[in-house]
Each structure stands twice: as C-alpha cells, then as structure tokens.
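Enquirer: Can you read through this structure? Questions will come right after.
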Amino acid sequence: MFSKAVLDLNYEAEAARIQDSIRRSLGSELHRKGIVVAMSGGIDSSAV
Numbered sequence: 055m056f057s058k059a060v061l062d063l064n065y066e067a068e069a070a071r072i073q074d075s076i077r078r079s080l081g082s083e084l085h086r087k088g089i090v091v092a093m094s095g096g097i098d099s100s101a102v
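With the sequence shown counted from 1, adding 54 to any position gets you the working numbering.
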C-alpha cells in the first residue's frame with residue numbers, strides 16, 4: 055500500500071548518492087569522462 059511516508063526523503067543526500075553512483079560508473083566501468091542526461095517533464099510525459 056502506498057503511504058505519504060514514501061515521499062519523505064532527504065533530497066540533497068539522495069541527489070548526492072545518485073551523482074556519486076553515476077560518476078563511479080562513468081569512470082571505472084564505462085571509461086568515459088562525461089555524460090549527457092535528457093530529462094522530460096512536459097505535458098506529453100504526464101499521466102492522467
């Protein structure tokens with residue numbers, strides 16, 4: 055069952071965790087120096 059508690063996050067810590075994970079993967083696994091991230095949040099991406 056979904057609860058509002060699921061949305062109770064430390065957003066700064068979570069963003070840092072994701073950033074660190076991407077940096078580690080790029081350097082050690084993919085041997086790349088950078089990445090392009092595409093994000094969409096427009097009306098065409100919404101669900102009703």
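Positions of the beta carbon are idealized from the N, C-alpha and C atoms, including for glycine.
Would Arg80 pass as a contact of Arg71 if the rule is Cβ separation under 7 Å?
Expert: Rather than Arg, the amino acid found at residue 80 in this sequence is Leu. For Leu80 and Arg71, no; Cβs fall outside 7 Å.
Enquirer: Could you give the distance in angstroms between the alpha-carbon of Ala67 and the alpha-carbon of Gln73?
Expert: 10 Å
Enquirer: Grab the span of the alpha helix (DSSP H) containing Ile72 for me, first residue to last.
Expert: 65-78
Enquirer: In three-state terms, what does DSSP make of Val60?
Expert: helix
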